Amino acid sequence: MPELPEVEAYRSLAEGAIGRLIDDAVATDVRFVRGRADPHVLCDTLVGAKFVAARRHGKLLVLDVEGGAHLGVRFGMTGRLVLDGTVGVDRLVYSSDRIEPAWDRFVVSFDDGGQLIVRDPRLLGGVELDPDEAALGPDALMLTPAQLRAALASSVAVKARLMDQRRLAGVGNLIADEVLWRAGLAPERRAGSLSPAELRRLHRHLRATLDDLVARGGSHTGDLMPERRLDGHCPRDGALLIRTRIGGRTSWWCPRHQH
DNA sequence: ATTGTGGCCTGCCCGC
DNA sequence: TGCGGGCAGGCCACAA
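Using our numbering, the letters of the first sequence correspond one by one to residues 1336 to 1594.
What follows is the structure in structure tokens.
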């Protein structure tokens, strides 16, 4: 599902929309428009303007609009970005590869005939005018060791804390499992109980894993991913993986080397 | 303030 | 062959 690597790919794709005159914007399903702004106001803000930048903050894509407005795009777990017919990410776990016109929830048309489309079979994603970026923690890809330590100052399970977008932004369920597996830390560990050495290890693995998965092209390309299933075994030591529920999410981890 | 829980949304897969 | 139930998880509203 779209975690940081997918949204980074979407951001890169969206750079191709910068500087082009927008002559139409349509929210085909009003439920896809989030936040306080009226759908018509949001669309009217775009028409006649241009995007001037494509940024990413965690899993939030922000398209800066000429004149000072910001268009926030969230992808939920099944959302795709399409620019001029090019899909941002080839394969999306848990989503469908079929093409249904009804799944095009938000369509921006340019005067050159091209289109920027947010496609989402389910409506878990959405677009929002001037999203509250301050509510998001520091981006996981730029996180310093001190910021990680601050984000984990809690008695909550370390995995739940890693996925809390207000503490650090960009880590979802699959990447949280992958990072903790690589770092050898049990997801159930209290976040605040990590020793300085463990914090350092986790920080290194977080950065390395994100770089790795961005390069490989998706959050589902982790080494643990193929074994996140019934009867799955640890790719490192062969132990039978444990399945538990942490922070409301299914978690797979190795009881032999994750402590 | 912090933390936990349930609901939203719907394609897909499994068992009957 | 069709059908219904359960599952997937990002995000938000709400409760304690």
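Glycine included, each C-beta is placed from N, C-alpha and C at the ideal position. No experiment lies behind these values; they were computed from the predicted model shown.
Asked	Found
Does DSSP put Phe-1367 in a helix, in a strand, or in coil?	helix
Would you check if the distance between the CB atom of Gly-1507 and the CB atom of Glu-1338 is smaller than 8 Å?	yes
Does DSSP put Ile-1510 in a helix, a strand or coil?	helix
Do you know how far the Cα of Val-1424 is from the Cα of Ala-1344?	7 Å
Have a look at Val-1443, Thr-1421, Asp-1419 and flag the residue whose alpha-carbon is nearest the alpha-carbon of Phe-1386.	Val-1443
DSSP state of Val-1397, grouped into three classes?	strand
Determine whether the beta carbon atoms of Leu-1471 and Gly-1403 lie at a separation below 8 Å.	no
For a minimum of 3 consecutive residues, which ranges assigned as the beta strand (DSSP E) are wholly contained in the segment 1458-1502?	1461-1464
What is the DSSP secondary structure of Ser-1554, counted as helix, strand or coil?	helix
Less than 8 Å between the CB atoms is what I'm expecting for Thr-1380 and Leu-1464, so what's the real figure, rounded?	6 Å
Could you tell me the distance, in whole angstroms, from the CA atom of Phe-1410 to the CA atom of Gly-1552?	16 Å
Can you tell me where the alpha helix (DSSP H) with Leu-1529 in it begins and where it stops?	Neither: Leu-1529 is in no alpha helix (DSSP H) and is coded neither H nor E.
In the DSSP assignment, what are the bridge partners of Ile-1357?	Phe-1445
In this structure, how does DSSP classify Ala-1362 when only helix, strand and coil are distinguished?	strand
Applying the 10 Å Cβ sphere with the 16-neighbour rule, what's the burial state of Ser-1431?	exposed
In the DSSP assignment, find the alpha helix (DSSP H) that holds Arg-1346 and state where it starts and stops.	1339-1349
Tell me the rounded alpha-carbon separation between Met-1336 and Gly-1414.	8 Å
Buried or exposed: where does Glu-1513 fall if 16 or more other Cβ atoms within 10 Å of its Cβ makes it buried?	buried
Give the DSSP-derived three-state secondary structure of Arg-1524 in the structure shown.	coil
Grab the span of the alpha helix (DSSP H) containing Val-1376 for me, first residue to last.	1374-1381
Between the alpha carbons of Val-1422 and Pro-1480, how many angstroms are there, rounded?	35 Å
Here's the rule: buried if 16 or more other CB atoms are within 10 angstroms of the residue's CB, otherwise exposed. What is Ser-1490?	exposed
Contact between the segment 1527-1538 and the segment 1354-1367: three or more CB pairs below 8 Å?	no
By a C-beta neighbour count over all protein chains shown, 10 Å radius and 16 as the cutoff for buried, is Met-1560 buried or exposed?	buried
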